[in-house]
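Have a look at the structure below before the remarks.
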Amino acid sequence: MKKVVSISFLIVFLLANTELHEVLKVPLLFEHYLLHKQEDKNQSFVTFIYKHYVSVQDHFHLQNDHDGLPLKTKDCIKYNPGIVSFLLIPYARLQEAPYQLKQRIFFKKVFLSNLNQGNIWQPPQIS
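When you line the sequence shown up against my numbering, it's residues 3 to 129, in that order.
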């Protein structure tokens with residue numbers, strides 16, 4: 003059940019944030035991955051995505067082979083830099099920030115505003 007829910011959330015997320023014609027290009031992405039997989043048996047899908055969407059290096063395939071891939075057209079250039087980079091960035095270990103207790107100054111005399119004491123805030127009086 004959890005698998006069905008997570009897959010449906012993934013589909014809803016992809017369809018909400020991606021144009022439909024780009025979603026229809028996903029089979030071309032897998033075909034291109036299989037082409038790379040034939041050349042290098044050890045290449046994972048994450049490495050393939052990194053080379054095609056995150057890395058700025060070009061590899062030896064023709065450019066028109068990449069034009070059919072999702073989010074590779076000029077109108078989708080805004081998506082390219084970080085499309086999958088959140089998966090590939092190693093998490094840094096959080097370090098505890100140094101904390102120093104600051105000394106607070108407490109005043110003995112209470113400061114009251116003069117605004118509440120004036121006649122200006124009183125209701126009108128009939129004389």
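Built from N, CA and C at the ideal position, the CB exists for glycine as well.
Just so you know, these numbers come straight off a predicted model, no measurement behind them.
C-beta contact flag for residue i and residue j at 8 angstroms
i	j	result
PRO72	GLU24	yes
LYS27	GLY70	yes
Collapsed DSSP secondary structure at residue i in the structure displayed
i	result
GLN124	coil
ALA99	coil
GLU21	coil
LEU73	coil
VAL111	Sequence inspection shows Lys at residue 111; the Val mentioned does not correspond to that position. Looking at LYS111 - three-state DSSP - the assignment turns out to be coil, as it is neither helix nor strand.
SER10	helix
LYS4	helix
Cα-Cα separation between residue i and residue j, rounded to whole angstroms
i	j	result
PHE47	ILE13	19 angstroms
SER10	GLN105	53 angstroms
HIS38	LEU22	25 angstroms
GLN45	VAL56	16 angstroms
ILE107	THR49	57 angstroms
LYS111	PHE15	58 angstroms
GLN40	LYS53	16 angstroms
TYR81	VAL7	With a pLDDT of 48 at TYR81, under the threshold of 50, the predicted position of this residue should be treated as unreliable, though the coordinate-derived value follows. In a straight line, the C-alpha of TYR81 is about 26 angstroms away from that of VAL7.
ALA18	ILE51	21 angstroms
LEU103	PRO29	58 angstroms
Residue span of the alpha helix (DSSP H) that contains residue i, given as start and end
i	result
GLN40	28 to 41
VAL48	47 to 51
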